[in-house]
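Engineer:
Protein chains in written order, with the UniProt record's numbering: chain D, 1 to 501; chain H, 1 to 311; chain L, 1 to 304.
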């Protein structure tokens, strides 16, 4: 056919037109899974934006050590101390310049903070400060105080989320991010690519990568193929089934925890025996290495084991369908309507294989005699079921969701997920509310102890939900690149951590 | 198709005394391509009707340890001859069972859009100019209304079910029938036999249903067969974008889109349902080509002498 | 000509207005962008502020009034998702879609007319059967399936072409090839059918009877007369392409209007949806006018 001939001819031309990749280039191309719509520094807790901006363009006062065990480390702040119960003082690094040439000082920190809470934008970071009143006060050019009400023991950790912008940045969303980081934005063709170039006047150690290009492709097969072909160097997220080459593909815990939230207010789910049966009926091992990758860990808490207060004494419920059946029979004898249809609500494209995983879960529940219906929703409709106010006449529901907390402290999760007033809480338990309030205000070992106690109480006494797995992600890295993904790769990708072999 | 009917009656007069069904089957027998296509469609219809009854349980029985079993192996039984999917369910059984939803969505959407579209088109063509214009503008609005938005609206406000999917796809296809039937009616109403009926005082209903409808029907039926294929592909695209039918319901389109992430390592997951779609749409296309000729008195002779000659 | 233009413009404006009203209200039925834009654990104050900022708290009719008033100043509103004017976003994306549509349609028109005419000359012959079958198979396969298979074969296994994205000429080949298949199959069938009936019509027979042996002359004259239905179908196909090839754009990472549309719909970025509809409607309107002009040239009997 002539069409084919034409095409073949065009291909020959195309082969010469293709860009050549020099082996010793110090430029990298990173292929993301989602399009980057905005690049405002105050949106950098959103994972696709964070992977471009966080600690590359914009820096934070502190930084959480995810490779070692050093906890909160200095970045733009040299040091900090607690002046009194409600006041933290940060000493800022001197001689730091923004990429627009202006010098970094306490005024910039104050402005960045105020900008985050301005009502002229919808910055994401402010959610972590909900219910806390924070007042910044400049002491001198390189010292700033933060007064909080109530006391905020983990304020230095929270400062690892606040990106610093120059004091002349407008309150409205900006499309020209300026920061103190080792890179600056040099090109942004929306929908095509974003280019960051290394700065020569960066205050810290000079990173190896000279220029980074970000592109996005939605299909995992395409992303994997791009790295394999040398069109890209790093794909931070590819699906398990595409991770077939051990030389390039690296698994890393992605800080997501997969669980089924049980609506504890609805019969028959308001019966503890039914909730236990829901836990016992799941053959967790059957998923590992089949529908989910080998590296996933069975979860006993909604936060990963690297989190403060994670309780090693909690045991994963064993797979025991007979006991589950027995519990259900007992509940039925007491008049609990265990035959009611329960809806298992899932989100399409939540993670690779989510539909298959939920179908398998449904089959396991049917096997112990429960009547479960699976419903997959796209994200907006899923939200309606996941967040309060829950829909009227919803019937008993299990909501399958992932929760992301790689930030080291349970405070970012527990109120939302378990407090009676929490937006995504399925339970209402005064003892839980009390423990959360006390732990949030506590420090040091006391804080750790209270969180541990809460995890055990939720898992063993309340049986609040079906905790399933701490998930892993796969990154594909070109062999010429030296880069090891960590738990933080889900939210950021520091170019300074990339080397060349 | 708009050739004058009167002039072409002569060559086929002798055949007209035969039973029309037997005659049609005779023509089908002579065109082997069309025959195969018709047999395949028949097989698929049988699958759609009896499949879920016979293989419903086998199609939903999971076996995580036998996931992605490769095809052409007899060790697991004949159901696994096409391999197993990501949950270890036999693909053959799933394709047979999915035929029902696929056929229901496609035939439902085609039937609805054909009936509504043709009716509106005939009104637009036969009623007053103003009514006609209004209907045509309505068609324009539907045509330029983004079908994806429509899908999201219906599936969000209601729920993703077979019935609602039919509604979405039917609405987007209405303008095709509307525009075609209107154009045909405008032409047909000027013909002698319609005008004669008008003069003889036949009612509007009688003229439309007894005189105009039979003339435009062949065109509409041909479009419907083609559209059947189109709707099946549209349904699979919706599944690909995540706004079509949702598990545990299955359609071929959904199977292809779920299997696409395994394409490199377990090609059979999306290949077989994809092949089912291709073969069905191909059969329908062949059948529609044949039908177009079989229903057209001018072209019909090609089939009756074996279809091998040329002008 | 100018009467045709005026008449078309008026009726199209009515349709467009109806479309805007429908899309404006129906899209708002599908929920609130607040919970989609803000993170899942956003505070109530953040949600309230977001709604206030984007005027989502106003009564629906007031929102519509504001939109229409802004529209008369050619202000299409702001994209919530991208924090920039919606019309800029749309025009950028439409540029890509437009180029893709033009190139695909040009290729389709050329191949379909040439191959379809050849097939029509020898109806039922080997070439005819082969072309019909191949084009039908191509047109019967789901496009995302073809796209991924094409990437696997041409980019991964053989390695001739880049997998996806934009940049060089090579990046255009796979998307165009995948988009080519369906309209090609359809238009080829139409060309073939309409050529067959044109070749059988009275004037060709007369020409043959008169002893005109020169096939090219017959060919050219027949083609010209057979083009009317072909152009109609091509117009429909081009309109579909101008509306954006969602699936192909999604897989190949092509920043076109189809991809923009599905993203905006899923994110409830209403202003972008509306702006995209208006821009594509305008493009299709212009294209339809051009088609009418083409009719005038092809068939001097047509008068508007």
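Ideal Cβ placement from N, Cα and C applies to all residues, glycine included.
Have a look at residue 33 of chain D and residue 289 of chain H and give me their C-alpha separation to the nearest angstrom.
Structural biologist: In a straight line, the C-alpha of residue 33 of chain D is about 43 angstroms away from that of residue 289 of chain H.
Engineer: Going by the DSSP bridge assignment, what does residue 66 of chain L pair with across the sheet?
Structural biologist: DSSP, once it has assigned bridges, lists no residue as partnering residue 66 of chain L.
Engineer: Taking the alpha helix (DSSP H) that residue 11 of chain L falls in, what are its first and last residues?
Structural biologist: Taken as a continuous stretch (DSSP letters only), the alpha helix (DSSP H) holding residue 11 of chain L covers 2-29.
Engineer: Tell whether a beta-carbon distance below 9 angstroms holds between residue 178 of chain D and residue 42 of chain D.
Structural biologist: No, the Cβ-Cβ distance between residue 178 of chain D and residue 42 of chain D is not below 9 angstroms.
Engineer: When you compare the CB of residue 208 of chain H with every CB in chain D, is at least one pair closer than 9 angstroms?
Structural biologist: Not one chain D Cβ lies under 9 angstroms of residue 208 of chain H.
Engineer: Between residue 126 of chain L and chain D, is any beta-carbon pair separated by less than 9 angstroms?
Structural biologist: No, no contact with chain D.
Engineer: Can residue 356 of chain D and residue 291 of chain D be called in contact, C-beta distance under 9 angstroms?
Structural biologist: Yes. Within cutoff.
Engineer: Indicate whether residue 106 of chain D and residue 139 of chain D have their beta-carbon atoms separated by less than 9 angstroms.
Structural biologist: Yes, Cβ-Cβ distance for residue 106 of chain D and residue 139 of chain D is below 9 angstroms.
Engineer: Compare the C-alpha of residue 207 of chain H against each of H:218, H:190, H:74 and name the closest.
Structural biologist: When each option's Cα is compared against that of residue 207 of chain H, the closest is H:190.
Engineer: At least one CB of chain H closer than 9 angstroms to the CB of residue 492 of chain D: is that the case?
Structural biologist: With 9 angstroms as the cut-off, residue 492 of chain D does not count as an interface residue toward chain H.
Engineer: I want to verify the contact list: residues of chain L whose CB lies under 7 angstroms from the CB of residue 177 of chain H, in sequence order.
Structural biologist: Residues of chain L passing the Cβ test: none, with the nearest at roughly 14 angstroms.
Engineer: How would you write the range of the beta strand (DSSP E) that residue 397 of chain D sits in, first residue to last?
Structural biologist: That run of the beta strand (DSSP E) goes 397-404.
Engineer: So for residue 117 of chain H, helix, strand or coil by DSSP?
Structural biologist: Here residue 117 of chain H sits in helix by DSSP.
Engineer: Please identify, using Cβ separations under 8 angstroms, the residues of the stretch 225-247 of chain D that lie next to chain H, in order along the chain.
Structural biologist: The residues in question are 239, 241, 242, 244.
Engineer: 9 angstroms is my cut-off, CB to CB: does residue 286 of chain D come that close to chain H?
Structural biologist: For residue 286 of chain D, the answer is yes, since a Cβ of chain H falls inside 9 angstroms of its Cβ.
Engineer: Quickly, what does DSSP pair residue 32 of chain D with across the bridge? List them, please.
Structural biologist: In DSSP, residue 32 of chain D forms a bridge with D:216.
Engineer: Does the separation of the CB atoms of residue 301 of chain D and residue 288 of chain D fall below 9 angstroms?
Structural biologist: Their beta carbons are not under 9 angstroms apart, which means residue 301 of chain D does not touch residue 288 of chain D by this criterion.
Engineer: Can you list, in chain order, the residues of the stretch 206-221 of chain D whose Cβ is nearer than 7 angstroms to any Cβ on chain L?
Structural biologist: Residues passing the 7 angstroms Cβ filter: 215, 216, 217, 218, 219, 221.
Engineer: Is the stretch 407-421 of chain D in contact with the stretch 434-450 of chain D, if contact means three or more CB pairs nearer than 8 angstroms?
Structural biologist: In short, these stretches touch, since the Cβ pair count reaches three.
Engineer: If contact is defined by three or more beta carbon pairs under 8 angstroms, each pair taking one atom from either stretch, is the stretch 475-491 of chain D in contact with the stretch 213-233 of chain D?
Structural biologist: At 8 angstroms Cβ cutoff, the stretches touch.
Engineer: Does chain D have any CB closer than 9 angstroms to the CB of residue 379 of chain H?
Structural biologist: Any answer about residue 379 of chain H is impossible in this case: the structure gives chain H only from 1 up to 311.
Engineer: Quick check: the Cα distance between residue 101 of chain H and residue 53 of chain D, rounded to an integer number of angstroms?
Structural biologist: The alpha-carbon atoms of residue 101 of chain H and residue 53 of chain D are separated by roughly 46 angstroms.
Engineer: Residue 6 of chain L: buried (16+ other C-beta within 10 angstroms of its C-beta) or exposed?
Structural biologist: Counting Cβ neighbours within 10 Å, residue 6 of chain L comes out exposed, since fewer than 16 surround it.
Engineer: Can you find a CB in chain D that lies within less than 9 angstroms of the CB of residue 25 of chain L?
Structural biologist: Judged by the 9 angstroms Cβ criterion, residue 25 of chain L is not in contact with chain D.
Engineer: Need the endpoints of the alpha helix (DSSP H) that residue 47 of chain L sits in, please.
Structural biologist: Residue 47 of chain L -> alpha helix (DSSP H) spans 44-53.
Engineer: Do residue 144 of chain L and residue 283 of chain H come within 9 angstroms of each other at the CB atom, strictly closer than that value?
Structural biologist: Not closer than 9 angstroms, so no.
Engineer: Residues of the stretch 27-50 of chain L with a CB closer than 8 angstroms to any CB of chain D: list them in chain order, please.
Structural biologist: Those would be 30, 31, 35, 36, 37, 38, 39, 40, 41, 42, 43, 45, 46, 49, 50, in chain order.
Engineer: So if I threshold CB-CB distances at 9 angstroms, which residues from the stretch 91-103 of chain H count as touching chain D?
Structural biologist: So the list is empty, because no residue satisfies the distance condition.
Engineer: With a threshold of 8 angstroms, are at least 3 pairs of Cβ atoms found where one atom belongs to the stretch 158-169 of chain D and the other to the stretch 54-68 of chain D?
Structural biologist: Judged by Cβ distances under 8 angstroms, the stretch 158-169 of chain D makes contact with the stretch 54-68 of chain D, as three or more pairs qualify.
Engineer: What's the C-alpha gap between residue 78 of chain D and residue 162 of chain L?
Structural biologist: If you take the alpha carbons of residue 78 of chain D and residue 162 of chain L, they lie about 46 angstroms apart.
Engineer: Tell me whether residue 42 of chain L is buried or exposed, calling it buried when 16 or more other Cβ atoms sit within 10 Å of its Cβ.
Structural biologist: Looking at its Cβ environment, which holds 16 or more other Cβ atoms inside 10 Å, residue 42 of chain L is buried.
Engineer: Does the beta-carbon of residue 156 of chain D, which I'm using as the reference point, lie nearer than 8 angstroms to any heavy atom of the ligand PLP?
Structural biologist: For the ligand PLP, the structure offers nothing, since it holds no ligand at all.
Engineer: For residue 132 of chain L, which three-state DSSP category applies?
Structural biologist: DSSP places residue 132 of chain L in helix when its eight states are reduced to three.
Engineer: Can you tell me which of D:469, D:135, D:378 puts its alpha carbon nearest to the alpha carbon of residue 111 of chain D?
Structural biologist: Answer by Cα proximity: D:135.
Engineer: Pick from D:248, D:424, D:310, D:373: whose alpha carbon is nearest that of residue 449 of chain D?
Structural biologist: Measuring from the Cα of residue 449 of chain D, the nearest candidate turns out to be D:310.
Engineer: Going by C-alpha to C-alpha distance, which of D:198, D:175, D:180, D:181 sits closest to residue 188 of chain D?
Structural biologist: Among D:198, D:175, D:180, D:181, the Cα nearest to that of residue 188 of chain D belongs to D:175.
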